[in-house]
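Step one of this worksheet: look at the structure below.
Numbering (mature numbering (1 follows the signal peptide of the UniProt record, and there is no 0)), first residue to last: -22 to -1, 1 to 80.
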């Protein structure tokens, strides 16, 4: 990968490897946390990551203890993975004009 991939491709590869390791070594893994996973990704790669996360959500839907926590400022990405048919609960945290959290 060195010298042949963009920063976004390296980030995506890193995320894919981490997801694969979690899937392989964490039998009945209860929680998966991603902090700003689309920071260095272009649109198509962010959509590919969202599709992969949706597959994981679908595959783990019957698992009692599975939770996916994604911290992101990417509105499009959050809309893709936060669709009601895929997520049981979906929370959005924002600030109002007075800098109070909603």
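Positions of the beta carbon are idealized from the N, C-alpha and C atoms, including for glycine. Since we're looking at a predicted model, the values are computed, not measured.
Three-state class that DSSP yields for residue i in the structure shown
i, result
"residue -11", "helix"
"residue 27", "helix"
"residue 57", "helix"
"residue 37", "helix"
"residue 85", "Residue 85 cannot be examined here, being either before or after the span of the chain that is shown, -22 to 80."
"residue -2", "helix"
Residue i to residue j span [Cα, whole Å]
i, j, result
"residue 71", "residue 20", "24 Å"
"residue 48", "residue 3", "21 Å"
"residue 13", "residue 67", "18 Å"
"residue 76", "residue -20", "46 Å"
"residue 61", "residue 15", "18 Å"
"residue 17", "residue 32", "19 Å"
Integer-rounded CB distance, given that residue j should sit under 8 Å from residue i
i, j, result
"residue 43", "residue -15", "That pair is no contact at about 32 Å."
"residue 27", "residue -8", "6 Å"
"residue -4", "residue 30", "7 Å"
"residue 78", "residue 35", "Rounded, the Cβ-Cβ distance is 31 Å, inconsistent with contact."
Residue j beta carbon less than 8 Å from that of residue i
i, j, result
"residue 23", "residue 58", "no"
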